[in-house]
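Below is one structure, written out as structure tokens; comments come after it.
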């Protein structure tokens, strides 16, 4: 049965998986968020290692993808078309294209080669879309691509529980933990899975993320109208 609460956890798995597999397969590129690419870009420039172009372009591509996603949403709303399903479909297409390119042209020895850069930026665009969709449709759920603030909040809440907070605040804390911990767990599982499967399958590891998205889309499309409206 469809349940909105599953979505952040499923997206968390994909977020961890794609970011880890992308880091290993694409010369240290973080596909799910932009912060890490500033650090790895600086390190690559100093060490002279490959893969500097895609890291430098990750932020503008990430921003452009979000802008296009937002414009696409306005178009869908004007035409009374279900936004969430179409966004999942676009994400599936981007992840599938990235997987196809990675499998056909990888492994990428030269991270600055045009096809390597293009492949990496396709995955960046896909994960930028996930960030945008999460922000709009799942704004009350913890992020599915970056765990820093989520882990920080969990540690603060656990500390407060150990400090014996009052009943009302304890209820709020348990509610937050119930939402945050599953996403952290699935993100960690995604990271471990991405690393392990890349180790065995190399570029074929990218087949799994679009399959997860299409499964999520099928579950969403089979749900009732009331469940869809809740998103």
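Numbering (full-length UniProt numbering), first residue to last: 1 to 231.
For glycine and all other residues, C-beta sits at the position ideal for the given N, C-alpha and C.
This one's a predicted model, so the numbers in the text were calculated from it and none came from an experiment.
According to the neighbour-count rule (16 or more other Cβ atoms, all chains shown, within 10 Å of its Cβ), is residue i buried or exposed?
i: residue 91; result: buried
i: residue 107; result: exposed
i: residue 196; result: exposed
i: residue 11; result: buried
i: residue 55; result: buried
i: residue 222; result: exposed
i: residue 30; result: buried
i: residue 157; result: buried
i: residue 130; result: buried
Tell me which residue opens and which closes the alpha helix (DSSP H) that residue i is part of.
i: residue 160; result: 148 to 162
i: residue 81; result: Neither: residue 81 is in no alpha helix (DSSP H) and is coded neither H nor E.
i: residue 187; result: 167 to 201
Smallest Cα separation from residue i: which of the options?
i: residue 132; options: 25, 69, 218; result: 69
i: residue 57; options: 117, 113, 212, 19; result: 117
i: residue 63; options: 38, 128, 160, 219; result: 128
i: residue 148; options: 167, 96, 71, 183; result: 183
i: residue 175; options: 153, 213, 192, 26; result: 153
i: residue 126; options: 38, 209, 80; result: 209
i: residue 95; options: 189, 18, 220; result: 18
i: residue 111; options: 53, 73, 200; result: 53
i: residue 204; options: 6, 7, 22; result: 22
Is residue i helix, strand or coil when you go by DSSP?
i: residue 19; result: helix
i: residue 141; result: coil
i: residue 223; result: coil
i: residue 120; result: helix
i: residue 104; result: helix
i: residue 74; result: helix
i: residue 34; result: coil
i: residue 29; result: coil
i: residue 110; result: coil
i: residue 40; result: helix
i: residue 5; result: coil
Hey, residue i and residue j are a contact pair by Cβ (cut 8 Å); roughly how many whole angstroms apart?
i: residue 114; j: residue 61; result: Incorrect: roughly 14 Å between the Cβ atoms, too far for contact.
i: residue 187; j: residue 42; result: Contact doesn't hold; Cβ gap of about 25 Å is too wide.
i: residue 212; j: residue 13; result: 7 Å
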